[in-house]
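These notes are about the structure you will find just below.
There are 2 protein chains.
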Amino acid sequence: MLNFTFHNPTRIHFGEGQIKAIGAEIPANSRILVTYGGGSIKKNEVYDQVKSALENHTWFEFSGIEPNPIYDTLIKALDLIKAHDIDYLLAVGGGSVVDGTKFIAAAALFEGEDPWDIVTKQAPISSALPIGAVLTLPATGSETNTGAVVTRNGNKLPFSNPLVRPQFAVLDPSVTLTLSDRQISNGVVDAFVHTMEQYLTFPVNAKVQDRMAEGLLLTLIEEGPKALNADTKKDLEVRANIMWSATLALNGLIGAGVPQDWATHMIGHELTGGYGIDHARTLSIVLPGVMKIRRNEKREKLLQYASRVWEINDGDEQSRIDAAIQKTEQFFHTMDVPTRLSHVGIERSEIEGIIEKLTAHGMVKLGEKRDITPDVSHQILTAAL
Amino acid sequence: MLNFTFHNPTRIHFGEGQIKAIGAEIPANSRILVTYGGGSIKKNEVYDQVKSALENHTWFEFSGIEPNPIYDTLIKALDLIKAHDIDYLLAVGGGSVVDGTKFIAAAALFEGEDPWDIVTKQAPISSALPIGAVLTLPATGSETNTGAVVTRNGNKLPFSNPLVRPQFAVLDPSVTLTLSDRQISNGVVDAFVHTMEQYLTFPVNAKVQDRMAEGLLLTLIEEGPKALNADTKKDLEVRANIMWSATLALNGLIGAGVPQDWATHMIGHELTGGYGIDHARTLSIVLPGVMKIRRNEKREKLLQYASRVWEINDGDEQSRIDAAIQKTEQFFHTMDVPTRLSHVGIERSEIEGIIEKLTAHGMVKLGEKRDITPDVSHQILTAAL
Chain A
1 MLNFTFHNPT RIHFGEGQIK AIGAEIPANS RILVTYGGGS IKKNEVYDQV KSALENHTWF
61 EFSGIEPNPI YDTLIKALDL IKAHDIDYLL AVGGGSVVDG TKFIAAAALF EGEDPWDIVT
121 KQAPISSALP IGAVLTLPAT GSETNTGAVV TRNGNKLPFS NPLVRPQFAV LDPSVTLTLS
181 DRQISNGVVD AFVHTMEQYL TFPVNAKVQD RMAEGLLLTL IEEGPKALNA DTKKDLEVRA
241 NIMWSATLAL NGLIGAGVPQ DWATHMIGHE LTGGYGIDHA RTLSIVLPGV MKIRRNEKRE
301 KLLQYASRVW EINDGDEQSR IDAAIQKTEQ FFHTMDVPTR LSHVGIERSE IEGIIEKLTA
361 HGMVKLGEKR DITPDVSHQI LTAAL
Chain B
386 MLNFTFHNPT RIHFGEGQIK AIGAEIPANS RILVTYGGGS IKKNEVYDQV KSALENHTWF
446 EFSGIEPNPI YDTLIKALDL IKAHDIDYLL AVGGGSVVDG TKFIAAAALF EGEDPWDIVT
506 KQAPISSALP IGAVLTLPAT GSETNTGAVV TRNGNKLPFS NPLVRPQFAV LDPSVTLTLS
566 DRQISNGVVD AFVHTMEQYL TFPVNAKVQD RMAEGLLLTL IEEGPKALNA DTKKDLEVRA
626 NIMWSATLAL NGLIGAGVPQ DWATHMIGHE LTGGYGIDHA RTLSIVLPGV MKIRRNEKRE
686 KLLQYASRVW EINDGDEQSR IDAAIQKTEQ FFHTMDVPTR LSHVGIERSE IEGIIEKLTA
746 HGMVKLGEKR DITPDVSHQI LTAAL
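Residue numbers (the working numbering), protein chains in the order written: chain A, 1 to 385; chain B, 386 to 770.
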């Protein structure tokens, strides 16, 4: 096990009916900006529940935060924050709304000249508005962590700062019952790949972290398809297990003390930034390529994954690894997401351009050993054709 | 899954050499009281590391906190706190030192007449001195949770309050290399039973919590005996896996959203309070009795435990449950702890007196369904003869 520091102070209220907890979580004299996306929260009654919980608070609203939140949209919130003297942000939505709200929280109190520097130059942040989150789509884990991803002019870039970690998060699985199949698929696949990126590296004898990661993978493999199946998709227990898995997949715990490989996410960001492909669908395309091209570097963990997650114990090592990759792809197919660039219409001739953008964004030493160079990323995308 | 609120803001610094982190964790202008036990920290250099890390801080010390910390000892710290205007407590030791320090933290700012009311009457606490912890014995999980147990006149009683949760905890597995076999055994068994008490109840389809609990049990079963074996006992990775397991066994995570059954602990406390038996050794005696007497109420989880933890899948249900109980007892024997009252010299005629004390302490409705009455506790102890 590697040395680590773990700290996750977000207070979590989990379960049906927990949205009412926000009333007590946000100080009574706060001036709140409720941030959300395209308005689905008005259809599924989440908006009404928030309104009711905040009936004794002063609050305003800012809507229109899109999937893969865009800088130009987010920056508009700053005027509202100034005009209404806002001192608390409440993000109501999925990971994109939470991510966008994190950027707004940092930008509102940013002391530099251009808030975009927070993302491109990792400009220092000395303070940020406090954030609470009401999660409506289990996927990114953003509701309890310090990271966010913002897009500008086709450049999708991450930043991270403890100051933007939500102070509390409400996870009510019943509000996820109105999600579309596509949203559920994307969420399950995102959480699955987050887990893999903290697990599928090289062994450091971190027994607890490995078993927790495997527990999340097994749960997502069991419950994900049930959330798409007509007979079981309304089962609240299925939704609860998915929701709690997605949060724990990226709250820092399974990644504490182990190597990590975020190459799949970084390469995937270029497919979203450049082609507008759903985030999770970039991951389901790139991850199998990473598994294939890095099969030697990840040999021991691939074999452990094969055995413990898929019960693949027979045959020689290479065939067990092949079978594990195949099972992973089958799981993605069951979740109805693409696993090849060709599934989303991207051709061999376009790989070079994708790698150029990846390089321009500084993503030239990816992977748990920083040895996934642009050449290796090229091989990964070629394996994903 | 049941509704829950989860919150654990303790910052954890894990790994060899992390004691130096306390210098930055404790505010520079603090007036610190370092609390510890019988002086083993002076033999294993932990004291020197703490001294070095605090070289720019003002600090005093209070030693002599014993296993199962005693009220009369702890209360003596209050004079020191007043005399030196102490505003921060640093617990350096095992769970008993951390527990005792939690009581001191609450008692120092207690506004009622008698601090013992904190334990016996759950008297309200409005503030407490901040605490940091340097853990030297992995076992109780006290280093990141809100609970503590204090003993007075043979009465061993728990209290819990978020105000006494340590702000940070240093977990350096290398400092556990000097522990005695008995201390290691006790720690592993304590963590194992904590996990069981949040796992072995009735199923609520909490897939992640179950798998995390099983991961901790499997890790303790694999690593515990290695920490006693001459060939492997100095292996830092073994110690690291045990240490992280013990913290996660009682940091609130595996118990969030599931029923819990603390009957083993509550009955065990009477054996420590009345007979001075090591805490963990009371648990290894009582747990098998609980498993036997509650085999019907816990049937489904006993079968899951048999299958997933011990790979017992053949035979009828009763024989699988029997085999799982037997495996648990064998594990305890491997860890060199007793599993019968007779192993510690307690006879059938003494059970009635133990049950009387349990009843006097209000422990009359134990278990996940509050239906372990004094009669059932009597059966449990009889099964443990």
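A virtual CB, placed ideally from N, CA and C, is assigned to each residue, including glycine. Here the structure is a predicted model, which is why all the values come from computation and not from measurement.
- Counted within 10 angstroms of its Cβ, other Cβ atoms place residue 300 of chain A as buried (16 or more) or exposed: Residue numbering aside, residue 300 of chain A sits at position 300 when the first sequence is read from its first letter. Residue 300 of chain A counts as exposed, since fewer than 16 other C-beta atoms from the protein chains shown sit within 10 angstroms of its C-beta.
- Task: Please decide whether residue 716 of chain B counts as near chain A, where near means a Cβ-Cβ distance under 8 Å.
- Result: Here residue 716 of chain B corresponds to residue number 331 of the second sequence, with the count starting at 1. It does not: the Cβ of residue 716 of chain B has no partner Cβ on chain A nearer than 8 Å.
- Look up residue 116 of chain A in the DSSP assignment and say whether it is helix, strand or coil. Mapped onto the first sequence, residue 116 of chain A falls at position 116. In this structure, residue 116 of chain A counts as coil in the three-state DSSP scheme.
- Nearest chain A C-beta to residue 684 of chain B closer than 8 Å, yes or no? Residue mapping note: residue 684 of chain B aligns to position 299 of the second sequence, counting from 1. Residue 684 of chain B does not count as touching chain A.
- Quick one: is residue 772 of chain B buried, meaning 16 or more other Cβ sit within 10 Å of its Cβ, or exposed? The structure shown does not extend to residue 772 of chain B, since chain B is modelled only from 386 through 770, so no value can be given for it.
- Bridge partners - residue 13 of chain A, DSSP secondary structure assignment: The residue you call residue 13 of chain A lines up with position 13 of the first sequence. Per DSSP, A:170 and B:390.
- Selection from A:36, A:346 and A:175 that minimises the alpha carbon distance to residue 17 of chain A: As a position in the first sequence, residue 17 of chain A is number 17, starting the count at 1. Considering only alpha carbons, the answer is A:175.
- Between which two residues does the alpha helix (DSSP H) harbouring residue 629 of chain B extend? Working through the second sequence from its first residue, we reach residue 629 of chain B at position 244. It spans 621 to 634 - the alpha helix (DSSP H) in which residue 629 of chain B sits, taken as one unbroken run.
- Query: What residues are listed by DSSP as bridge partners for residue 187 of chain A?
  - Reply: Taking the first residue of the first sequence as 1, we reach residue 187 of chain A at position 187. Answer is none; residue 187 of chain A lacks a bridge partner.
- Task: Please report how far the alpha carbon of residue 186 of chain A lies from the alpha carbon of residue 281 of chain A, in whole angstroms.
- Result: Position 186 of the first sequence, counted from the start, is the residue given in the question as residue 186 of chain A. Position 281 of the first sequence, counted from the start, is the residue given in the question as residue 281 of chain A. Separation of residue 186 of chain A and residue 281 of chain A (C-alpha to C-alpha, rounded to the nearest whole angstrom) is 7 Å.
- Reference residue 664 of chain B, options B:549, B:573 and B:640, closest by Cα: Stepping through the second sequence from its first residue, residue 664 of chain B is reached at position 279. Comparing Cα positions, the closest option is B:573.
- Where residue 530 of chain B meets chain A, residues with beta-carbon distance less than 7 Å: Indexing the second sequence from 1 puts residue 530 of chain B at position 145. Taking a Cβ-Cβ threshold of 7 Å, none of the residues of chain A is close to residue 530 of chain B; the smallest such distance is about 14 Å.
- Where residue 430 of chain B sits in the DSSP three-state scheme: In the second sequence, residue 430 of chain B corresponds to position 45, counting from 1. Three-state result, residue 430 of chain B: coil.
- Query: In three-state terms, what does DSSP make of residue 481 of chain B?
  - Reply: The count along the second sequence starts at 1 and reaches residue 481 of chain B at position 96. Residue state, collapsed to three classes: helix.
- Message: Given this structure, state the Cα-to-Cα distance separating residue 253 of chain A from residue 209 of chain A, to the nearest angstrom.
- Response: Here residue 253 of chain A refers to the residue found at position 253 of the first sequence. Here residue 209 of chain A refers to the residue found at position 209 of the first sequence. Computed Cα separation, rounded: 8 Å.
- Task: Tell me whether the beta-carbon of residue 65 of chain A lies closer than 8 Å to the beta-carbon of residue 35 of chain A.
- Result: Here residue 65 of chain A corresponds to residue number 65 of the first sequence, with the count starting at 1. Here residue 35 of chain A corresponds to residue number 35 of the first sequence, with the count starting at 1. Cβ distance < 8 Å, so residue 65 of chain A and residue 35 of chain A count as in contact.
- Determine the direct distance from the alpha carbon of residue 730 of chain B to that of residue 720 of chain B, and round the result to whole angstroms. Counting from one through the second sequence, the residue named residue 720 of chain B turns up at place 335. Counting from one through the second sequence, the residue named residue 730 of chain B turns up at place 345. Taking the straight line joining both Cα atoms gives about 19 Å.
- Taking the C-alpha atoms as reference points, what is the distance between residue 708 of chain B and residue 293 of chain A? Numbered from 1 along the second sequence, position 323 holds the residue referred to as residue 708 of chain B. Numbered from 1 along the first sequence, position 293 holds the residue referred to as residue 293 of chain A. Looking at the two C-alpha atoms, the distance is approximately 45 Å.
- Task: Pull out every residue of the segment 18 to 36 of chain A whose Cβ sits closer than 7 Å to any Cβ of chain B, in chain order.
- Result: For the segment 18 to 36 of chain A, residues whose beta-carbon sits nearer than 7 Å to a beta-carbon of chain B comprise 18.
- Query: Under 8 Å between C-beta atoms, does residue 401 of chain B make it to chain A?
  - Reply: Within the second sequence, residue 401 of chain B is the residue found at index 16, counting from 1. The beta carbon of residue 401 of chain B sits closer than 8 Å to some beta carbon of chain A.
- Query: To the nearest angstrom, how far is it from the Cα of residue 766 of chain B to the Cα of residue 181 of chain A?
  - Reply: Here residue 766 of chain B corresponds to residue number 381 of the second sequence, with the count starting at 1. Here residue 181 of chain A corresponds to residue number 181 of the first sequence, with the count starting at 1. Answer to the nearest angstrom: the Cα atoms are 53 Å apart.
- Message: Quick check: residue 90 of chain A and residue 105 of chain A, are their CB atoms within less than 8 Å of each other?
- Response: The residue given as residue 90 of chain A occupies position 90 in the first sequence. The residue given as residue 105 of chain A occupies position 105 in the first sequence. Taking a C-beta distance under 8 Å as the contact criterion, residue 90 of chain A and residue 105 of chain A do not qualify as a contact pair.
- Task: To the nearest angstrom, report how far apart residue 526 of chain B and residue 273 of chain A are at their CA atoms.
- Result: Along the second sequence, one-based indexing puts residue 526 of chain B at 141. Along the first sequence, one-based indexing puts residue 273 of chain A at 273. Distance from the CA atom of residue 526 of chain B to the CA atom of residue 273 of chain A, rounded to whole angstroms, is 45 Å.
- Message: Among the candidates A:3, A:8 and A:15, whose CA atom is the shortest distance from the CA of residue 390 of chain B?
- Response: The residue labelled residue 390 of chain B in the question sits at position 5 within the second sequence. Out of A:3, A:8 and A:15, A:15 has the C-alpha closest to the C-alpha of residue 390 of chain B.
- Taking all protein chains shown into account, decide if residue 591 of chain B is buried (16 or more other Cβ within 10 angstroms of its Cβ) or exposed. As a first step, residue 591 of chain B must be located in the second sequence, where it is residue number 206. Taking a 10 Å sphere around the C-beta of residue 591 of chain B, we find 16 or more other C-beta atoms and assign the residue as buried.
- Message: Which residues of the segment 206 to 221 of chain A have a Cβ closer than 7 Å to any Cβ of chain B? Give them in chain order.
- Response: Residues 207, 208, 211, 212, 215, 216, 218 and 219.
- Task: Ignore the nearest five residues each way along the sequence and tell me which others in residue 437 of chain B's own chain have a CB closer than 8 Å to its CB.
- Result: If you number the second sequence from 1, residue 437 of chain B lands on position 52. Excluding residues within five positions, the ones whose Cβ falls inside 8 Å are 405.
- Report yes if the CB atom of residue 135 of chain A is closer than 8 Å to the CB atom of residue 108 of chain A, and no otherwise. Position 135 of the first sequence, counting from 1, holds the residue named residue 135 of chain A. Position 108 of the first sequence, counting from 1, holds the residue named residue 108 of chain A. The answer is no: Cβ separation not under 8 Å.
- For residue 223 of chain A, name the three-state secondary structure that DSSP assigns. The residue labelled residue 223 of chain A in the question sits at position 223 within the first sequence. Collapsing the DSSP output to three states places residue 223 of chain A in a helix.
- Cα separation between residue 224 of chain A and residue 217 of chain A? Position 224 of the first sequence, counted from the start, is the residue given in the question as residue 224 of chain A. Position 217 of the first sequence, counted from the start, is the residue given in the question as residue 217 of chain A. Taking the straight line from one Cα to the other gives about 10 Å.
- In whole angstroms, what is the alpha-carbon distance linking residue 425 of chain B and residue 477 of chain B? Here the question's residue 425 of chain B lines up with position 40 in the second sequence. Here the question's residue 477 of chain B lines up with position 92 in the second sequence. The straight-line gap from Cα to Cα measures roughly 10 Å.
- Query: Buried or exposed: residue 249 of chain A, going by 16 or more other Cβ atoms within 10 Å of its Cβ?
  - Reply: For the purposes of this step, residue 249 of chain A is taken as the residue at position 249 of the first sequence. Its Cβ being crowded by 16 or more others within 10 Å, residue 249 of chain A is buried.
- Beta-carbon gap between residue 285 of chain A and residue 220 of chain A smaller than 8 Å: Here residue 285 of chain A refers to the residue found at position 285 of the first sequence. Here residue 220 of chain A refers to the residue found at position 220 of the first sequence. No, the pair does not count as a contact, with Cβ atoms beyond the cut-off.
- Message: 8 Å is my cut-off, CB to CB: does residue 386 of chain B come that close to chain A?
- Response: Start at 1 with the first residue of the second sequence, and residue 386 of chain B comes out as number 1. Closer than 8 Å to some Cβ of chain A, the Cβ of residue 386 of chain B qualifies, so yes.
- Check whether the Cβ of residue 626 of chain B lies closer than 8 Å to any Cβ atom in chain A. Here residue 626 of chain B is taken as the residue at index 241 of the second sequence, counted from 1. Yes, because at least one Cβ of chain A sits closer than 8 Å to the Cβ of residue 626 of chain B.
- Query: Grouping DSSP H, G and I as helix and E and B as strand, with all else coil, what is residue 712 of chain B?
  - Reply: Numbered from its first residue, the second sequence carries residue 712 of chain B at position 327. Helix.
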